[in-house]
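See structure below.
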Amino acid sequence: MTGASTYRPEFTAALRLFAQVSEAMQTRGFSRPVLVGGAAAEFWSLSAISTGDFDICTPRQDILDEEMARAGFIRPSGTGALLKG
């Protein structure tokens, strides 16, 4: 994504993180995860539809979890757990 974008800046930043994780999985020999749900709709609608989260499908959740952690994500635990940055 170069130049002017019609996507929301927050969405573009999230897409960049998703691309980083996706590339790392492929580099390790696993299939890339697939973006689905609202985030996929936001991507294809150029942010005419907006979402607050990314739904990701993958046959290797364990590898996705590893790469998400390497990218700095922390999996919350417990009922109603929230992360504070």
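So for the sequence shown, the numbering used here puts the first residue at -18; every next one is plus one.
We put the CB at the ideal spot given by N, CA and C, even for glycine.
Taking only the alpha-carbon atoms, compute the straight-line gap between residue i and residue j and give it to the nearest angstrom.
i, j, result
"C38", "P(-10)", "24 Å"
"E4", "E48", "10 Å"
"G53", "T(-7)", "17 Å"
"D36", "V2", "14 Å"
"A0", "S58", "25 Å"
"R9", "D43", "13 Å"
Check whether the Cβ atoms of residue i and residue j lie closer than 9 Å to each other.
i, j, result
"M6", "R(-3)", "no"
"T(-13)", "L27", "yes"
"T32", "A50", "no"
"F11", "R41", "yes"
Review point. Where are the beta strand (DSSP E) runs, 3 residues long or more, that stay fully inside the segment -2 to 29, in chain order?
Key: 15 to 17
Exercise for review: Run through the segment 25 to 60 for me and flag every whole beta strand (DSSP E) of 3 or more residues, listed as ranges in chain order.
Suggested key: Segments of the beta strand (DSSP E) lying fully in the segment 25 to 60: 36 to 38.
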